[in-house]
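Since the structure comes first, as C-alpha cells, the remarks are kept for the end.
Protein chains: 6
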Amino acid sequence: MTAAFAMLRRVTTATITTVLLKKGIRRCWMQGAMPLVPGGARAVGEAFTLRFVPVREDLATPESWGKPISTRAAIEAMPAGCIAVADAMGVTSAGIFGDILVMRMAKRSVAALVTDGVIRDKAGCMAANLPIWCQGTAAPASVNGLTFVGWNEPIACGGCAIFPGDVVVADDDGAVAIPKNLVEQVAAEGEEQERYESFVVSEVERGVPLPGLYPPDDAARARYAAWKAKRG
Amino acid sequence: MTAAFAMLRRVTTATITTVLLKKGIRRCWMQGAMPLVPGGARAVGEAFTLRFVPVREDLATPESWGKPISTRAAIEAMPAGCIAVADAMGVTSAGIFGDILVMRMAKRSVAALVTDGVIRDKAGCMAANLPIWCQGTAAPASVNGLTFVGWNEPIACGGCAIFPGDVVVADDDGAVAIPKNLVEQVAAEGEEQERYESFVVSEVERGVPLPGLYPPDDAARARYAAWKAKRG
Amino acid sequence: MTAAFAMLRRVTTATITTVLLKKGIRRCWMQGAMPLVPGGARAVGEAFTLRFVPVREDLATPESWGKPISTRAAIEAMPAGCIAVADAMGVTSAGIFGDILVMRMAKRSVAALVTDGVIRDKAGCMAANLPIWCQGTAAPASVNGLTFVGWNEPIACGGCAIFPGDVVVADDDGAVAIPKNLVEQVAAEGEEQERYESFVVSEVERGVPLPGLYPPDDAARARYAAWKAKRG
Amino acid sequence: MTAAFAMLRRVTTATITTVLLKKGIRRCWMQGAMPLVPGGARAVGEAFTLRFVPVREDLATPESWGKPISTRAAIEAMPAGCIAVADAMGVTSAGIFGDILVMRMAKRSVAALVTDGVIRDKAGCMAANLPIWCQGTAAPASVNGLTFVGWNEPIACGGCAIFPGDVVVADDDGAVAIPKNLVEQVAAEGEEQERYESFVVSEVERGVPLPGLYPPDDAARARYAAWKAKRG
Amino acid sequence: MTAAFAMLRRVTTATITTVLLKKGIRRCWMQGAMPLVPGGARAVGEAFTLRFVPVREDLATPESWGKPISTRAAIEAMPAGCIAVADAMGVTSAGIFGDILVMRMAKRSVAALVTDGVIRDKAGCMAANLPIWCQGTAAPASVNGLTFVGWNEPIACGGCAIFPGDVVVADDDGAVAIPKNLVEQVAAEGEEQERYESFVVSEVERGVPLPGLYPPDDAARARYAAWKAKRG
Amino acid sequence: MTAAFAMLRRVTTATITTVLLKKGIRRCWMQGAMPLVPGGARAVGEAFTLRFVPVREDLATPESWGKPISTRAAIEAMPAGCIAVADAMGVTSAGIFGDILVMRMAKRSVAALVTDGVIRDKAGCMAANLPIWCQGTAAPASVNGLTFVGWNEPIACGGCAIFPGDVVVADDDGAVAIPKNLVEQVAAEGEEQERYESFVVSEVERGVPLPGLYPPDDAARARYAAWKAKRG
C-alpha cells in the first residue's frame, strides 16, 4: 500500500473520481466535506469511521462524554496515519469535535478529519494543525444535536457509503473514498491520467483547441507519445 | 409490558409527545414517517431496527439481495409483534421494500413497518395488509440508492435516535419512539391525559372557552374531579 | 364587503392569482397551505393573524399555554367569520393546534384555519368540522418547536406577507391573500374571468384549439359576446 | 413498438427500474411526478417534451400565452398517444397547466401529462380525464414563476434526462423513462420478471422464506420451472 | 451587566452553548449567521431586533424606504452598543442592508449586525467596519424579497427565538443569544469552563489522553486544583 | 454597446438590481453564482449560454466528451469577450468544467464563467486567470451528474431566465443579467444612482441620519445638486 499511497499523493481527487467513474463508481465524493483551510497538502489514509445518530435528550448530555462508547474512546482507538471519517448525517448545527479533541487527534498522528457535519472552536481547531474537511463551523457541541454510537462500522458520509479500510484522499476539491480492493489500480491509472493532463496543459498553453486533444484523436496520441518519450 | 402496550393502544401519539416533553424529551417523533393508508388502527410494538447507508455501485446490486447481510435475512430475524424501523436517511428516490418483502413481513406477524424513506410496489404493499408509515412511494429498488448494512443497531429515523427495544407507537399523526425505561410511566400518564382531554372536549362542546380550562384552573379541576367521579 | 365576499365564493383561487398578477402582485399564494380534507367548499374571510417564533426551551412549555399571550387567548379574540392565518415559519415537526383548539375555533364560528405549518390530532381536527389548510400533520405540540408571540400583526405565511384585514380565499388549489383595498376590484374582475373561462370550456368541448381562443382573438371575442348575450 | 407498448402496460414501473439498473441505468425515475389521482391505469407512451425556465417579469405575462412559442402552440403539436413530459425545474408554486389546457390535451388524445412541477385548477383537471403525474397543485399560473421556451428538446424532469422519443411508463409508483433503443428489450425482460414475481408471491403466500427464493437458488429455480410449465 | 459583558468577551460562543445546554437550553445558536470577515474580535451586546416578512409587490418598493416604519427609522432608534439582530427568514436572495445603512449603524456605535439573511454591497460593508454575522451576500435590495415590518419585537433568527434584551455574543463559531435573566450566571460559569479547558489544553499538549481528563476523573480534578493554585 | 459596457464596469450589481426593480424586473440575480476568488474586477459581457440536463448513464460518459455536442465544441464557439453562463440546475456534486477547459476559455478571451453549479480542479482553475462565479468546487466531472445538451439556447441559471445576448455583470455581490433592450438605459440610470450614493456616503460620513437623505427629501436634493455642481 505504501507505494500506492505515495502515488495517490500526486493524483488529484478530480482525477480519482474520473478513474472510478470508468470503473462504474459514481458515488465516491463526499458532499459537504470541504477543507476548513484551503491550500494545504493532499491527505491520504485509511478510513477510520465514526457514527452519530440524532440527539435524544436523555442520552446526549455533557455527562455522556465520559461513557465507554464516546468520541474520546474512539480517538484512543485511532491508528496513526488513519483518516477519521465521521457520519454526522449532514447536521450543520452541532460541531462534532472542538479544539481539544482535535488536538488529541493530532497528538495521536491522525492524518486528517473528514465529516459531512461541522466542527466547533474554529480558531483552536486551526491552531491544532490537523487537516480538516467539513461543512463549516457551529458553536454548539455534538450533544446539542447528535448522539455518538460507535466506530469502525459502515457509515454514510456526504451521500457516500464509507467502509472501514476504504482509502480516503482529500484536497481542495474535497474528499473521495476508494474501495480497498481498487486502491493500487486507481493509483496507477490516476498517475497516468495526470501525466496525460500535463501534456494537455502544455498543448492548451500553445493554443491547441480541445476537440481532438481531450479526449485525444490519433494525432494527439502521437504527439503525447513523443512528449512522453522526450520527458523520460 | 403487555399492560402498558394495551394502554398505549388507547393513547394518541400526540399525547405521548406531550408526556415525553414534560420529561425533557423533545426528539421522539419521526419526521416523514406518515401512514401509507390513513385511518387504520394504532400500532404498538418494540423497535427492530434496520440500517441503510448510501449506494456504492460495486456493492448495492440486485445480486447483493442474496448475501448474508441482506434485507431478506433481517426479515427472518424479526420477532412476531415487533415494529420494523428502517433508517433510510430520508432518501425518497429508492423504495426500501417492495410488495414481496412486505408480504413476508406480514407472514412473520410483524406489527408494522416505519421508515423515513419510501416503499415501492404501492398497490402490492397495500394488499399485503402490513401497516406502513413512510414518506411515500418510489419505483426504484433500494439498491438504486441505498446499501443495507445491518439490523438491531442504534439508528437515525426521521431526525430521532432509535435504539433496539424502544417502544414505537404509530397512528394518523405519525410515529413516536418511547425510551424502553419510560414505557410504563408514559402509558399511565398518557391514559390520564386522554381522560382529561375527553372532559375538555365535553366542556368545549357545551361552549366553555379554553383559558382556565386547558390548562385547568381550580374551578376546572373541580369540575373534572366531579366528571371523573360520575364517569366511574 | 358582503357582496364582494359572495362573488369571491364563486371565483377560484387560480383565477384570483391571475387577476392579481395583472395588477403586479405575484406573491399572494401561500406555499404549503393545502386543504387537510380536499373537496370542501371555498372559504372566504378576513385574515386574523397568529405569529410563532422558534421554541426556546425555558419559554415554550406546556405551562405557557396558560399565559396571557397564548394561542388560547388569541382564539377568544377571533371574530366570527374570520380566517385565522398562522405563521409557523413552515415548521412541519410541531402541530400548531390540536383537536381541542380547533373545536373551540369552530364553536366561535371561525371560517377556516390557514397555516404554513401543520396541525396535530388529525382525526379529532377532521371531526371538528373547521376547514383547515396546512402542510399536514405532526404528533408533537407547538411548544415542541414553536413559541407563540402574538396576534393581529403582519406575518409571513408560505412565502407571502399577510396583513390583518387582508381577505383570504382558499379552495383545493390552496389559499391566497388579497390586499384589503383591492378586494372589490378583484372580485368583479374574477367573476368576469370565470365567465369567459366557462365560454372557453364550452368551446374546447366542441373541439376548438386554444390558439386564438385563450387568449382570444377578434373572432373568439365575437363568439364570446354572442354566447354571453344568449346566456343572459 | 405496438407489441412492446402492450407488454409494458403489464409491467410495473418498479420492475422497469430494476431491469434498467441491470443495464447500468440508475437515473430513470422522475422524482416528484406522482399520480394526481392514484389507482388509475398504467400509462405508456412516447415522450413529447416541454421546457420551462424561470419567470422574467417582462416576458412571462398573461399576454405571452398568445405568442408563437407558447404552451398552447405546443399542445397543438402533440401527436395522439404521446405522453407530455414537462420540465418545470421542480417549481411547486406555479401550476404549469390548468383545466382548460388539460381539457384540450385530452381532446387531442394525449395519453398523459408528466411533470416535476404542479398543475392548477385541480378540480377541473380531474374532470378532464387526462391522467396526470405531478408534485401537486398550486393556484398561480405558470407565468407567475415560469417562462415557456420550447418543445421536443432534451429536458430535465425530476432529476432525469428525458429525450424526445424516450418511452415513458407511469403508474402508482411514479413515472419512468426508457431510452428508445432499449424499449423492446426492457419490455421482454420486464414481462419475464413479472412472471417470476408472481411465482414468488405464490411461494410467500404458502410460507416460504425469502432467502433462497428471491433471488432464487437452484431449488427455487426448479420449482419456478415447474410452476411455469404447469401455468402454460 | 458591565462586568458580565467584560467576562463574556473572554468566553467563546462554543462554551456559552455548553453552559446553556446544562441549563436545558439547546436552541441558542443562530444557524446561518457567520462572520462576514472571520478572525475579528468577539462581539457582545444587547439584542435590538428587526423583523422582515416576505415581499408584497405593492408595499416593498424603493419608495417604502422613506416610510415611518422603515429600516432607516429603526437604525435611528438603535442605542449605542446594541447588537442589531434581523429576522430575514433565512432569505438569501435579497440583502437586508447595504453599505450606506451599515455605515450609518457604525456611526451610531452599534456593536454588530447579526442576521439569518444576507447583506449587499459587500465591499462597502467591509469598509464600514461594522462587524457583521450573516449568511453571505446578494446584490438585490431587501425590497426585492422582503418587507420590513418593525423593531424590538420577539423574532426568529436562524432557528432561535430572540427577544429584545437578550444578550448576544458572536465570534468565529457564530452568534448565540443568552436569555436576559441568565446572563450573569452564564458569564461566571463560562469563565470557569474556559479556565478548565486551558488546563486541559496544557494536559493534552503533554500527551495526556482525554478519557479521565475531559470530563475529569478525581485524579484530573486534583491536577486541575494544583494547576489553578499555581496559576493564581 | 461599448459605451454602455464601459459605464456598467463602474456600476455595482447591487445598483443594477435596484434599477431593474424600478422597471418591474425582480428576477435578475443568479442565486449561487458567487466569485470563486473575491475581490477581482467587475466582469461585463454578453451571455453565451450552456445547458446541462441530469446524467443518463448510457450518455454521460468520458467518451461523450468527444461528441459534436460537447462542452469542448461549445467553447470553440464562444466569441471573445462573452460571458459563458451555464445552467447546471444548481447541482453541486459535479464540476461542470475543470482546469483544462477553463484554460482554453481563457485562451479564447472569454471574459468570465458564470454558473449555478460548481467547478473542479480548483487550484488549476484559479491559476488559469479566468474570472469564475459559481457555487463552489467538487471533484467529480460533469458526466458524473450532468449531460451537456447544447449552447445559445434560453436557460435557467440560479433562478433566473437567461437569454443569449442578455448582458451579464458580475462582481463580489454576484452576477446579474440585464435584458438586451434595457442595457443602455440601465447603464445610464445606474451611473446616476452611483453618483447619488457617493454623495450619500459623504453625508453619512459627516453624521447625517438617513431619514430624509436616502431616499432624499427636498433639502437633501438641494444639497446633492450643490455637491454635484461643485464636483463638476
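Residue numbers (my numbering), protein chains in the order written: chain A, 304 to 535; chain B, 304 to 535; chain C, 304 to 535; chain D, 304 to 535; chain E, 304 to 535; chain F, 304 to 535.
Backbone N, C-alpha and C define an ideal beta-carbon position, used for all residues, glycine too.
On a predicted model such as this, the values are computed, not experimentally measured, just so you know.
| query | result |
| --- | --- |
| Partners in chain F for G462(D), counting only beta-carbon separations shorter than 7 Å | P357 |
| Length at least 3, wholly inside the stretch 371–447 of chain A: the beta strand (DSSP E) runs in chain order | 386–390, 415–418, 435–437 |
| 7 Å Cβ cut-off: residues of chain D touching D476(C) | R423, D424, K425, T440, A441, A442 |
| Whether W332(D) touches N484(B) by CB criterion (9 Å) | no |
| Limits of the alpha helix (DSSP H) - the one that I319(A) falls within | 316–325 |
| Inter-stretch contact (C-beta, 8 Å, three-pair minimum) for the stretch 446–462 of chain A and the stretch 400–420 of chain F | no |
| Minimum Cβ-Cβ distance from G420(E) to chain A less than 9 Å | no |
| Residues within the stretch 374–408 of chain A neighbouring chain I, beta-carbon criterion of under 8 Å | In the displayed structure, chain I is absent; the protein chains listed are A, B, C, D, E and F. |
| Chain-order list of residues whose beta-carbon lies under 7 Å from that of S367(F) (same chain, five-residue window excluded) | S373, V446 |
| For Q308(C), the first and last residue of its enclosing alpha helix (DSSP H) | Position check: residue 308(C) holds Phe in this sequence, whereas Gln was assumed. 305–311 is the extent of the alpha helix (DSSP H) around F308(C). |
| Counterpart residues of M607(C) in DSSP-defined beta bridges | Shown here, chain C extends from 304 to 535; a query on residue 607(C) therefore has no answer. |
| Chain-ordered chain C contacts of V486(D) [CB-CB under 8 Å] | Within 8 Å Cβ-Cβ: nothing; V486(D) doesn't reach chain C, min ~31 Å. |
| Span separating the alpha-carbon of T320(E) from that of A444(A) | 7 Å |
| Three-state secondary structure (DSSP) of D521(D) | helix |
| Residues in the stretch 318–343 of chain A having any Cβ partner in chain B nearer than 7 Å | G327, I328, R329, R330 |
| Buried or exposed by the 16-neighbour rule on C-beta atoms within 10 Å, applied to G327(E) | exposed |
| Y517(F) Cβ short of 8 Å to the ligand ADP heavy atom set | This structure lacks the ligand ADP; in fact it carries no ligand of any kind. |
| contact_flag[the stretch 404–415 of chain C, the stretch 427–443 of chain C] where n(CB pairs < 8 Å) is 3 or more | yes |
| Buried versus exposed call for T305(E) [16 or more other C-beta atoms within 10 Å across all chains shown] | exposed |
| L262(F) - DSSP class collapsed to helix/strand/coil | Nothing can be reported for residue 262(F): it is not among the residues displayed for chain F, which extend from 304 to 535. |
| The stretch 343–351 of chain D touching the stretch 470–479 of chain D, judged by at least three CB pairs closer than 8 Å | yes |
| Three CB pairs or more closer than 8 Å across the stretch 416–425 of chain A and the stretch 378–397 of chain A | yes |
| Assigned secondary structure, A529(C) (DSSP; H/G/I helix, E/B strand, else coil) | helix |
| Cβ pair count under 8 Å reaching 3, the stretch 509–529 of chain C against the stretch 404–411 of chain B | no |
| Under 7 Å from the C-beta of G468(F): neighbouring residues of chain A | By Cβ distance, chain A contributes nothing, its closest Cβ being about 24 Å from G468(F), past 7 Å. |
| Neighbour-count burial assignment, R509(F), 16 or more Cβ in a 10 Å radius | exposed |
| Chain-ordered chain D contacts of P518(C) [CB-CB under 8 Å] | P365, E366, W368, G369 |
| Where D424(D) falls, given that 16 or more other Cβ within 10 Å makes a residue buried | buried |
| Same chain, Cβ closer than 7 Å to P569(F), neighbours up to 5 away in sequence not counted | Examination of residue 569(F) is not possible in this model, given that chain F is present from 304 through 535 alone. |
| Residues near A383(F) by beta carbon distance below 6 Å, same chain, minus five either side | S412 |
| Cβ separation of L339(F) and C437(F), assumed to be a contact under 8 Å, to the nearest whole Å | 6 Å |
| Cβ-based neighbour list, A317(A), same chain, cut-off 6 Å, excluding 5 preceding and 5 following | D476 |
| Cβ-based burial, S505(A) [other Cβ within 10 Å; buried from 16] | exposed |
| Alpha carbon of K325(B) to alpha carbon of K531(B), nearest angstrom | 23 Å |
| C-alpha gap between G369(C) and A376(C), whole angstroms | 9 Å |
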